[in-house]
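Data first, discussion second: the structure below is written as structure tokens.
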Amino acid sequence: SSVQSCDFVLFGTLGDLARRKLLPAMYQLDKAGLLHADTRILGIARKGMPQEEYVAAVKEALSTFLKEPLDEGTWTDFQQRLTFYSTDFTDPAGYAGLKEVLNPNSVMVNYFATPPSIYGDIGRCLQENDLIQPNTRVVLEKPIGHDLASSQVINDQVAAYFEESQIYRIDHYLGKETVQNLVALRFANSLFASKWDNRTIDHVQITVAEEVGIEGRWGYFDKAGQMRDMIQNHLLQVLCLVAMDPPVNLNADSIRDEKVKVLKSLRPINQDNVFENTVRGQYTGGFLKGNTVPGYLDEEGANLDSDTETFVAMRVDIDNWRWAGVPFYLRSGKRMPTKHSEIVVHFKNPPHNLYRDHYRQLPANKLTIRLQPHEGVEIQMMNKVPGLDSSTRLQTTKLDLSFSDTFKNERIADAYERLLLECMLGNQALFVRRDEVEQAWTWCDSIINAWENSNEPPKSYPAGSWGPVASVALITRDNRAWEE
Ligand code: BG6
């Protein structure tokens with residue numbers, strides 16, 4: 007499909023997400039020639055300001071958050087697209103003037119970069135002003151609630167004004183180049199397609215380690231914790247793409263149907279098995295890349311009694327035909343030694359070891375998908391060391407496909423660029439359907455409740471380490487080890 011002209015209506019245009027991610031993404035799309043000539047950005051904020059001041063604020067945001075100098079030619083074009091509009095988001099009367107600034111020939115794409123508590127108000131105001139057409143779209147950010155019940159309230163409020171086919175729920179991990187490549191890797195290569203189940207795979211590890219702490223977001227994060235902030239969405243989405251059955255085609259609902267099936271197959275974790283299968287941690291002060299960093303409870307605004315986890319490690323079992331007996335180990339934390347996200351698929355050993363005189367156990371094949379940084383794909387395999395001295399000297403070697411070396415002239419787009427483009431194209435494949443959100447919450451709620459009922463505090467780990475020692479025990483108990 008081709009690019010349509012859109013009125014991209016950005017509620018919360020002066021906020022952090024808009025400044026950091028959304029405006030830079032629109033700028034990059036413009037630079038790449040991917041915006042229709044008539045596409046415009048309507049920035050909406052409560053605070054009033056003259057148009058010039060808004061344009062200057064956008065320029066400042068771009069200069070701050072783009073990883074490259076602002077391209078003057080692109081900026082000249084981009085600033086023509088900007089219009090500022092000020093209103094109280096919850097007052098229908100304030101939206102009256104919006105109609106005049108909208109282009110009747112454009113598709114209206116509303117981006118709610120606001121707290122979810124006012125999604126319903128915005129929907130009502132748009133509807134009362136007769137601004138919602140069948141082709142109008144709405145983009146929602148996480149968190150969609152903090153548990154199943156609250157997510158249903160939010161989803162119901164939005165559903166009162168928009169059909170599911172108009173709703174684009176963002177999980178920015180789905181927009182990452184490497185996460186999309188995972189689908190290509192699995193389904194465009196018979197080598198993997200035919201070797202992707204419990205007959206050949208021993209286990210899978212998914213690590214999303216972050217170097218940052220909570221970056222002044224105590225108010226949000228302390229109520230959420232790493233489970234709600236990262237596992238419920240990003241890690242489960244990645245797990246779904248690794249584990250799902252082949253979709254019938256690449257259409258949005260075909261893919262989402264398969265992901266929901268995985269979520270429904272996750273073995274429940276509850277008070278009976280929670281400490282066997284999960285470890286939660288909270289960082290204390292430590293040393294990271296040569297700097298001393300404060301502990302979670304020393305962060306600005308901290309509540310000293312907080313039991314919120316900043317790290318989670320878990321063993322997840324998928325009770326279906328394909329994955330019976332193949333554990334997925336998940337690990338995600340703040341203040342880890344480095345920012346580093348990857349999926350590692352560990353294959354089983356060959357059925358019989360011909361090299362047993364030299365190797366009690368052959369190192370297993372491993373497929374590593376590096377999500378970030380150093381995006382790429384790597385396969386560990388055994389090779390004979392060349393030479394006449396020995397016919398049985400082997401060595402582990404790597405086939406390493408680095409995206410930056412292989413695709414030298416291609417820049418790796420930020421996830422939001424891809425997602426905003428897909429939304430303007432009207433393709434929901436990279437967005438999360440309501441039943442996925444609900445299924446993911448159902449599974450996570452059970453774990454969170456079990457933690458809460460146990461009254462067991464999170465285990466501490468020093469900032470700059472790979473998490474509490476108990477997370478090592480979680481996997482070594484199964485005779486396996488975390489990737490370094
Ligand atoms: C966000 C979380 O969704 O993802 C943050 O709210 C987290 O806490 C971020 O830091 C990580 O995203 P990325 O793209 O930097 O891995």
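In the UniProt record's numbering, the protein residues as written are 7 to 490.
Cβ coordinates follow ideal geometry from the N, Cα and C atoms, glycine included.
Note that the structure is predicted; figures quoted are calculated from it, not measured.
query	result
Is Y302 helix, strand or coil when you go by DSSP?	helix
With a cut-off of 8 Å, do at least 3 Cβ pairs link the stretch 424-444 to the stretch 212-229?	no
Does H364 come out as helix, strand or coil in the three-state DSSP assignment?	coil
With which residues is V322 paired in a DSSP beta bridge?	F334
Whose CA, out of K295, F193 and I275, lies closest to the CA of D251?	F193
Put V218 into one of helix, strand or coil per three-state DSSP.	coil
Going by DSSP in three states, L426 sits in which element: helix, strand or coil?	helix
Reducing DSSP to helix, strand and coil, say where F84 ends up.	helix
Pull up the CB-CB distance for A31 and A119, whole angstroms please, since I reckon it's below 8 Å.	With 8 Å as the limit, A31 and A119 do not qualify as a contact, their Cβ atoms being about 12 Å apart.
Return the chain-ordered list of same chain residues with a C-beta closer than 6 Å to the C-beta of A370, the five sequence neighbours on each side being excluded.	H352, F353 and N355
Quick check on the DSSP output: the beta strand (DSSP E) that includes M96 runs from which residue to which?	Per the sequence shown, residue 96 should be read as Thr rather than Met. Note, T96: premise wrong, no beta strand (DSSP E); not H, not E.
In three-state DSSP terms, what is N297?	strand
Which residues in the same chain as L294 place their Cβ atom closer than 6 Å to its Cβ, once the five residues preceding and following it in sequence are excluded?	A469 and G470
The ligand BG6 heavy atoms versus the CB of E216: any closer than 7 Å?	yes
Assign S477 to buried or exposed, taking buried as 16 or more other Cβ atoms, counted over all protein chains shown, within 10 Å of its Cβ.	buried
Output the distance between the C-alpha atoms of N161 and T45, rounded to the nearest integer angstrom.	28 Å
Along the chain, where does the beta strand (DSSP E) that runs through R376 open and close?	K372 to Q378
Rounding to the nearest angstrom, what Cα-Cα distance links N141 and Y422 in this structure?	21 Å
Do the CB positions of M320 and N283 come within less than 8 Å of each other?	yes
Considering only the alpha carbon of each residue, which of D208, G151, Q34 and V64 lies closest to F21?	It is worth fixing the name first, because residue 21 is Gly in this sequence and not Phe. Cα-wise, what sits closest to G21 is V64.
By how many angstroms is the C-alpha of Q158 removed from the C-alpha of P122?	12 Å
Under the three-state reduction of DSSP, which class applies to residue 2: helix, strand or coil?	Nothing can be reported for residue 2, as the shown portion of the chain is limited to 7 through 490.
Can you tell me where the alpha helix (DSSP H) with T448 in it begins and where it stops?	R440 to S460
Among the residues of its own chain, which have a CB less than 7 Å from the CB of F198, if the five just before and after it don't count?	L191 and R192
For D406, which beta-bridge partners are listed by DSSP?	E384
Within the chosen definition, does the stretch 163-172 reach the stretch 124-132 through at least 3 CB pairs nearer than 8 Å?	yes
Got a sec? Which residues, its chain only, sit under 8 Å from L188 by beta carbon, not counting five neighbours each side?	V244, L247, V248, I349 and I375
Are the beta-carbon atoms of L107 and T96 separated by less than 8 Å?	Just to set this straight, residue 107 is Val in the shown sequence, not Leu. Contact: no.
Given the structure, does V313 come close to the ligand BG6, in the sense that its CB is under 7 Å from one of the ligand's heavy atoms?	The question names Val, yet the displayed sequence has Asp at residue 313. Answer for D313: no, Cβ out of range of the ligand BG6.
Determine the closest residue to D263 out of L436, P464, M55 and D228, with distance taken between C-alpha atoms.	L436
So is E381 buried or exposed if we call it buried at 16+ other beta carbons inside 10 Å?	buried
Buried or exposed for E74, please, with buried defined as at least 16 other CB atoms from any protein chain shown within 10 angstroms of its CB.	exposed
Report yes if the CB atom of T314 is closer than 8 Å to the CB atom of K340, and no otherwise.	no
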